[in-house]
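Student: Below: one structure in structure tokens.
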Amino acid sequence: MDGNEIDIIAEERCATPPSPGPGTIVHVEQPQQPYDEDEHSGELREYNGVFEGPEKTLEVVFRKIAGIDDDEACLSDSSSSGYGGTAIAPDEPIHRTGLRTLARADLDRICMRARCTILSRVSNRYLDAYVLSESSLFVYPHMIVLKTCGTTTLLRCVATLIELGRKIGLEIDWLGYNRKNFSFPGDQMFPHGSFHQELDYLYSHRTLCDRLDGDGYTLGPVTSDHWFVFVADHTKRCDLENDTDRVLNIMMFDIDQDVARKFYFDQYQSRIGPDETEEEATKRISMEQTKSAGIDSLIPGATIDPRAFEPCGYSMNAILFHSYSTMHITPEEGSSYASFETNQKLKNYTSLISNVVRAFRPKRFVMTLMADEGGLKQMGDTPLFTGNACKAKIAVPFKTASVRSSTSSLAASTGFGSNMATYKRRDVASIRVEEDVCCMMGNWILEGYEETDVLYENEQKRLRGLSVSQFS
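Per this note's numbering, the sequence shown starts with residue 941, numbered consecutively.
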């Protein structure tokens, strides 16, 4: 059976109904038994010159299985002095508990199911951050966050996560999955052929974990950029003021050509020394790209782990206390993309958003926020959920006026000549899911970037048989 036959079978099993409207709940008929395709569905497909930059994100929170003590659940810390401050002395061990006790072989199993591999790691007292061949993995004592891009099969690792959690006395307490609609949905593999197929696949695991009984949602216009979210929430949050969560994600498209060029490996190869190993050269080039693009200044004080890829591409993880930040860049012309995500608990994200957008100067970007009600109360007004149209605009100072334009008047109309640019919010959507989780998303476009350019891109998708209105 070849890959095409498998895709046909998967689509028949998970038929795609008409697309719902913004903010609607998606219910899927739930199969009686969990299912999976054979291993051929994870085979690599031929690279066609474009890359699916926007990531799929899976966040799973675990809790101790009832009746199991902390030692059995790997939750006891053998040295409480290891969790007192922020910096770790070079000779001071990190005392891992919970999910952080999983062996490297266990993490490799998780990544193998998602079709990615671990490249590097940085750690502190609170979490381990892994740069992957296809984005990032973050491991806390009670939580795993896995982000993968391209044609990875992220949800295929759910059964493995359930199994490994039980091995150390943990069970799923909260599961969230989200992604933007695909730019190239026809390239995706099972179970990511459509959002309905993804939901069907998640529900098929209920015989392994009855807590996977959440709902699916879509936010934003289905004829343009929109966001798919699945949440299964059984968490009982305490009333402590610091017991809040929030995740901000900025997905930028058609980034400035001069910025994108910085993330091509061959731009730096001429400076490789005669005694420099391949790994040493990669580390040096990774840091050069980080500094050249100003990425190191976005998260001051954080420990940064950057990675340059051949022939092009870049990933970066940063950790600061309990928080992570991650960035992924696909510079290919025609599908250039950069993303920035963080769970850092800031009271106001306006400055961070401006700095990130300023660094990459995209033509358009999508911003999403997932937060509990406690987290929202701590946040000030942001361009994402302000009702004021003027405050929803994002004015960004640029150091150069080199933004590529498909129209000769773009530089003047956007104000690039005066080193300023303004992004207007085209639309915004929000919904409350489960008990107290709020999801928000908005689309911004550079003023002067003609709407016809977006319509042209959509028409090209239609010509490739990838209708923007399909449930992808």
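Just so it is clear, CB atoms sit at the ideal spot from N, CA and C, and this is done for glycine as well.
1. Can you tell me whether Cys1379 is buried or exposed, with buried defined as 16 or more other CB within 10 angstroms of its CB?
2. Give the DSSP-derived three-state secondary structure of Lys996 in the structure shown.
3. Just checking my contact of Gly1315 with Asp1185 at CB under 8 Å: how many whole Å lie between their CB atoms?
4. With distances taken Cα to Cα, identify the nearest neighbour of Thr1362 among Met1381, Pro1323, Leu1086.
5. How would you write the range of the alpha helix (DSSP H) that Asn1295 sits in, first residue to last?
6. Quick one: residues in its chain with C-beta nearer than 7 Å to the C-beta of Glu969, no 5 flanking neighbours on either side, listed in chain order?
7. What does the Cβ neighbour count give for Cys1089, buried or exposed, with the cut at 16 atoms within 10 Å?
8. Just the C-alpha distance for Ala1311 and Asp1153, rounded to the nearest angstrom, thanks.
9. Could you spell out where the alpha helix (DSSP H) holding Ala1200 opens and where it closes?
10. For Ser1291, which option in Val1336, His1132, Asp1113, Ala1045 has the closest C-alpha, if you only look at C-alpha atoms?
11. Could you compute how far the alpha carbon of Glu1218 sits from the alpha carbon of Arg1106?
12. For Ile1334, which of helix, strand or coil comes out of DSSP?
13. If you drop the 5 nearest sequence neighbours on each side, which residues of the same chain put their C-beta closer than 6 Å to that of Val1098?
14. Counting C-beta neighbours from all protein chains within 10 Å, is the total for His1132 16 or more, i.e. buried, or is it exposed?
15. Which residue or residues does DSSP assign as beta-bridge partners of Arg1036?
16. Taking the Cβ atom as the reference point for each residue, do Phe1203 and Cys1252 lie within a distance shorter than 7 Å?
17. Check whether the region 1127-1143 touches the region 1036-1046, taking contact to mean three or more Cβ pairs, one atom from each stretch, closer than 8 Å.
18. Between Val1087 and Pro994, is the Cβ-Cβ spacing less than 7 Å?
19. Could you spell out the range, first to last residue, of the alpha helix (DSSP H) harbouring Ala1054?
20. Between the Cα of Gln1209 and those of Ala1172, Phe1249, Ser1263, spot the shortest distance and give me the residue it belongs to.
21. At the level of alpha carbons, what is the spacing between Glu999 and Pro1214?
22. So does the region 1293-1307 actually touch the region 1223-1242, counting three or more Cβ pairs closer than 8 Å?
23. Is the Cβ-Cβ distance between Thr1092 and Glu1074 less than 7 Å?
24. With a Cβ-Cβ cutoff of 7 Å, do Glu1374 and Val1171 count as a contact?
25. Given a cut-off of 7 Å on the beta-carbon distance, is the pair Asn1189 and Thr1308 in contact?
26. Ignoring anything shorter than 3 residues or poking outside the region 1210-1297, list the beta strand (DSSP E) runs there in chain order.
27. Which same chain residues end up closer than 7 Å to Arg1049 when comparing Cβ atoms and leaving out the 5 residues on each side of it in sequence?
28. Thinking just about the alpha-carbon of each residue, which of Met1319, Glu1387, Val1306, Arg1365 is nearest to the one in Lys1331?
29. Sort Phe1002, Met1319, Thr1222 by Cα distance to Asn1288 and report the nearest one.
30. How would you label Ala1054, buried or exposed, when you count the other beta carbons within 10 angstroms and need 16 or more for buried?
31. Apart from the five residues just before and just after Ala1242, which ones in its own chain have a Cβ nearer than 7 Å to its Cβ?
32. Assuming Ser1226 and Arg1247 are in contact, meaning their beta carbons sit under 8 Å apart, how far apart are those beta carbons, in whole angstroms?
33. Would the beta-carbon of Val1368 fall within 7 Å of that of Ser1255?
34. Put Ser1020 into one of helix, strand or coil per three-state DSSP.
35. For Val1377, which residues from the same chain have a beta carbon less than 7 Å from its beta carbon, with the 5 sequence-adjacent residues on both sides left out?
36. Identify whether Ala895 lies in helix, strand or coil by the three-state DSSP scheme.
Tutor: This is what the structure holds:
1. Buried: at least 16 other Cβ atoms inside 10 Å.
2. strand
3. 6 Å
4. Check the Cα spacing between Thr1362 and each of Met1381, Pro1323, Leu1086: the tightest is with Pro1323.
5. 1290-1300
6. Only weak support is given to the placement of Glu969: the predicted model assigns it a pLDDT of 39, under 50, and the value that follows is read from those uncertain coordinates. Same-chain partners within the cutoff: there are none.
7. So Cys1089 ends up on the buried side.
8. 20 Å
9. 1197-1201
10. Per the Cα distances, Val1336.
11. 40 Å
12. Three-state DSSP puts Ile1334 in a strand.
13. His1145
14. buried
15. Under DSSP, no beta-bridge partner is assigned to Arg1036.
16. yes
17. no
18. With the sequence shown as reference, residue 1087 is identified as Lys, and Val is not the correct amino acid for it. No, they are not a contact pair.
19. Element bounds for Ala1054: 1044-1054.
20. Ranking the options by Cα distance to Gln1209, first place goes to Phe1249.
21. 44 Å
22. yes
23. yes
24. yes
25. It is a contact, given that the beta carbons lie within the stated cut-off.
26. 1243-1248, 1254-1260, 1263-1270, 1277-1282
27. Excluding its 5 nearest sequence neighbours in each direction, Arg1049 has C-beta neighbours in its own chain below 7 Å: Thr1100, listed in chain order.
28. Out of Met1319, Glu1387, Val1306, Arg1365, Arg1365 has the C-alpha closest to the C-alpha of Lys1331.
29. Met1319
30. buried
31. Scanning its chain for C-beta atoms nearer than 7 Å, with the 5 sequence neighbours on each side dropped, one finds around Ala1242 the residues Ala1258, Ile1259, Leu1260, Ser1265, in chain order.
32. 5 Å
33. no
34. In this prediction, Ser1020 has a pLDDT of 31, which is less than 50 and means its spatial position is unreliable; what the coordinates show is noted afterwards. It is helical.
35. Val1171, Asp1173, Met1310, Asp1312
36. The chain is shown from 941 up to 1412; residue 895 falls before or after that span and cannot be answered.
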